[in-house]
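Just so we're aligned, residue 0 is where the sequence shown starts under numbering that gives the first Met the number 0, counting upward by one.
All C-beta atoms, glycine included, are put in the ideal place defined by N, C-alpha and C.
Notes for the one structure printed next.
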Amino acid sequence: MANTTTTTQSTVSPQGPSRPQSEAKVDYATLVGIGGAFLTILIAMFLGGSAGSFFNLPSILIVIGGTFLVTTTSFTFDEIVRSQKTMVKAAIYHSEMPSNAAMQVLFLADQARRNSILSLQKHLADIKNSAFLHRATGMLVDGITPEQLEAVLEQQVQAILTRHQRAASILRRAGEVAPAMGLIGTLVGLVQMLSNLEDPSTIGPSMAVALLTTFYGAILSNMVFNPLAAKLERISQVEATVNQIYAIGICSIGRQENPRRLEIMMNTILPPDQRVNYFD
């Protein structure tokens with residue numbers, strides 16, 4: 000019976016173990032981390048008794064608007080728009096575990112050995128949530144040679160990695176720009192204050208702009224952009240490993256190699272604590 004050293008589960012059927020299900024799901028660590036950090040600051044504001052004083056529209060316009068526009072200047076508008084989906088994925092979901100990906104590939108290899116490569120056609124609907132694996136298996140069933148398939152999948156792995164790296168670089172750039180925009184807002188507020196010292200009523204609003212822009216810039220940089228960039232870089236590394244496992248596995252199936260040999264190959268890629276044992 001198939002089993003792994005992780006929590007991946009499968010059941011036994013007359014045709015062998017069933018396909019392990021995808022493990023990609025909501026990443027509560029990101030939501031709790033960022034949400035909890037903002038909640039902590041809000042509680043501190045309310046405990047101070049003057050939460051309203053932390054809201055200043057000109058400061059928000061300078062930091063948020065300026066950060067977006069300057070970041071767009073560093074890239075292109077199309078790149079930023081295309082990266083939004085990847086950024087949201089980093090904030091909400093975590094990628095599949097490499098060990099589970101290996102089990103899925105070994106299941107398909109076992110099915111191809113028992114029946115035929117064409118028999119994998121009936122499993123395409125079951126793996127539609129794993130876009131890369133679904134696409135690779137579809138090409139294999141369509142009769143693409145292992146050499147052509149390997150070249151195409153390598154290009155796709157690199158394209159996905161490049162897309163994630165671009166999204167992470169956008170977040171890193173925004174994390175650099177936000178504090179700078181906060182500093183610019185601070186200078187704007189100080190200039191306004193110093194140019195109107197004869198009118199005491201303008202000192203308070205000018206100081207609010209000066210201080211709150213720095214506050215907003217620090218929050219966006221250290222609590223949003225930089226943490227999300229680090230998470231996206233981590234997800235990118237994990238997903239690259241998962242896609243590499245898929246590519247190696249599907250190409251091995253196309254070459255009609257022994258699935259047990261494929262299992263050995265998978266375990267050379269996986270970390271020691273995630274190595275799998277599909278075959279008894």
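For this session: With A246 as the anchor, note down where its alpha helix (DSSP H) starts and where it stops.
Result: For A246, the enclosing alpha helix (DSSP H) begins and ends at N225 to G253.
Exercise. Hey, would you say V176 sits closer than 9 Å to G65, going by beta carbons?
Worked result: Contact: yes.
For this session: Take every Cβ of the stretch 191 to 201, pair it with every Cβ of the stretch 111 to 119, and state whether three or more of those distances are shorter than 8 Å.
Result: Touching, no, given that fewer than three Cβ pairs across the two stretches are closer than 8 Å.
Problem set entry | CA nearest to the CA of Q103, picked from G216, L261 and T267 | Out of G216, L261 and T267, L261 has the C-alpha closest to the C-alpha of Q103.
Exercise. Looking at the unbroken alpha helix (DSSP H) that takes in R112, where does it start and where does it end?
Worked result: First-last of the alpha helix (DSSP H) with R112: P97 to R113.
Exercise. DSSP three-state call for N221: helix, strand or coil?
Worked result: Helix.
For this session: Could you pull the start and end residues of the alpha helix (DSSP H) that V190 belongs to?
Result: In the DSSP assignment, V190 falls within the unbroken alpha helix (DSSP H) covering P145 to L193.
Problem set entry | Cutoff 7 Å; reference T267; Cβ partners in own chain excluding five residues on either side | Taking C-beta separations shorter than 7 Å and ignoring five residues to either side along the sequence, T267 has no partners in its chain.
For this session: Can you grab the Cα-Cα spacing for the pair I59 / Y277, in whole Å?
Result: A straight line joining the alpha-carbon of I59 with that of Y277 spans about 55 Å.
Exercise. At a cut of 8 Å, does the stretch 247 to 265 reach the stretch 183 to 195 through at least three beta carbon pairs?
Worked result: No: the two stretches stay apart, fewer than three of their Cβ pairs being nearer than 8 Å.
Exercise. According to DSSP, what are the bridge partners of V69?
Worked result: V69 pairs with nothing; no bridge assigned.
For this session: Would you give the residue range spanned by the alpha helix (DSSP H) that V31 belongs to?
Result: Y27 to L46 is the extent of the alpha helix (DSSP H) around V31.
Exercise. Would DSSP call N276 helix, strand or coil?
Worked result: Strand at N276.
Problem set entry | Cα-Cα separation between I169 and S49, rounded to whole angstroms | For I169 and S49, the distance between alpha carbons rounds to 35 Å.
Exercise. How many angstroms separate the CA atom of M265 from the CA atom of A100?
Worked result: The straight-line gap from Cα to Cα measures roughly 10 Å.
Exercise. What whole-angstrom Cβ distance do V69 and Y215 have, given they're in contact under 8 Å?
Worked result: About 15 Å; that fails the 8 Å criterion.
Exercise. Can you list, in chain order, the residues of its chain whose CB lies under 6 Å from that of L211, leaving out five sequence neighbours each side?
Worked result: Answer for L211: N55 and S58, listed in chain order.
For this session: Please go through the same chain and pick out, in chain order, the residues whose beta-carbon is closer than 6 Å to the beta-carbon of F301, but skip the five residues on each side of it.
Result: Since the first residue of the chain shown is 0 and the last is 279, residue 301 is not available in this structure.
For this session: Check whether the stretch 231 to 245 touches the stretch 153 to 172, counting contact only when three or more Cβ pairs, one atom from each stretch, lie closer than 8 Å.
Result: Between the stretch 231 to 245 and the stretch 153 to 172, the count of Cβ pairs shorter than 8 Å is three or higher; the stretches touch.
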